[in-house]
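Encoded as structure tokens, the structure appears first; notes follow it.
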Amino acid sequence: MALWACVFGAAFALAACETQPPMTTKTLQQPSQVTQTIRMGEYRVAPGDKVRVVVLSDTELSGDYEVDSTGLISPRMAGRVSVVGMTTVEIEAMLRNRYRADGYLRDPKLSVDLIARRPFYIVGEIMKPGAFPYVSGINVVQAIAIAGGYTRRASKTRITVKRFNSTAGEEETVTEDSPIGPGDVIHVPERWF
């Protein structure tokens, strides 16, 4: 009798076990052409970016500057200068001319480096919506992972992105492997049941 109870108990326990479908993994692809074409010489500075100005002949003039909402930075002894839409090479040339024209430096030797790009934003059905530091080559699924992942109500098939450089301000529907640029806004809508 005890044997039958053990057999019955084991059969019941095995019947209660569910087999889980095998876990699938998704291999992340290399960044697409959008992020691959953003090279430092071609990158255009915009509000939220941070640049480092290094003046070799006068270290007092060196410093880190965040581009403000109007596109200006205020390097020492150069006043407020507009840098929005410029590359780091163009900013270097402009600052050289500015220091030379003001008579402060005869032959200014300086460099300008981009030290932080403007953040990307993610809103909607995400665990931690908000602004996040841009990482070169990031795609939608990586951005969502940085933001803590999807909520249980998230629609994974209707994700949209408003591109920072979009002149019309339109949102485009994207896939999880679509590239993200600095300043882009990702929207993960609620799914309809």
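With the numbering used here as the guide, the letters of the sequence shown map in order to residues 928 to 1120. Glycine is no exception: its CB is placed at the ideal position from the N, C-alpha and C atoms. Small disclaimer: the values here were computed from a predicted structure and weren't measured.
Cutoff 7 Å; reference residue i; Cβ partners in own chain excluding five residues on either side
i	result
residue 1044	976, 1061, 1109
residue 1000	978, 992, 994, 1008, 1010
Neighbourhood of residue i by C-beta, 6 Å cutoff - its chain only, sequence neighbours within 5 removed
i	result
residue 1050	1056, 1114
residue 1032	1026
residue 1042	977, 979
One or two residues paired with residue i in a DSSP bridge
i	result
residue 1081	1117
residue 1066	1106
residue 970	None; residue 970 has no bridge partner.
residue 979	991, 1040
Reference residue i, options the options, closest by Cα
i	options	result
residue 994	983, 1004, 979	979
residue 989	1037, 1104, 1118	1037
residue 1158	1107, 970, 1116	With the chain covering only 928 through 1120, there is no way to say anything about residue 1158.
residue 1090	1017, 1018, 1105	1105
residue 1040	1015, 1005, 1096	1015
residue 1101	1083, 981, 1034, 1003	1083
residue 1077	981, 996, 1116	1116
residue 1063	1093, 1107, 1097, 1029	1107
8 Å contact criterion, which residue i and residue j should meet: CB distance rounded
i	j	result
residue 1059	residue 1074	7 Å
residue 983	residue 1005	Not a contact, Cβ separation roughly 15 Å.
residue 1003	residue 1017	Going by Cβ atoms, the distance from residue 1003 to residue 1017 rounds to 20 Å, so no, they are not a contact pair.
Contact check, residue i vs residue j, beta carbons under 8 Å
i	j	result
residue 1067	residue 1086	yes
residue 1118	residue 1070	no
residue 1111	residue 1047	yes
residue 1035	residue 998	no
Close Cβ partners of residue i (< 8 Å) along its chain, the five nearest in sequence each way excluded
i	result
residue 955	Below a pLDDT of 50, predicted positions are generally treated as unreliable, and residue 955, at 40, falls in that range; the measurement from the model is reported next regardless. These residues qualify, in order along the chain: 1066, 1068, 1069, 1104.
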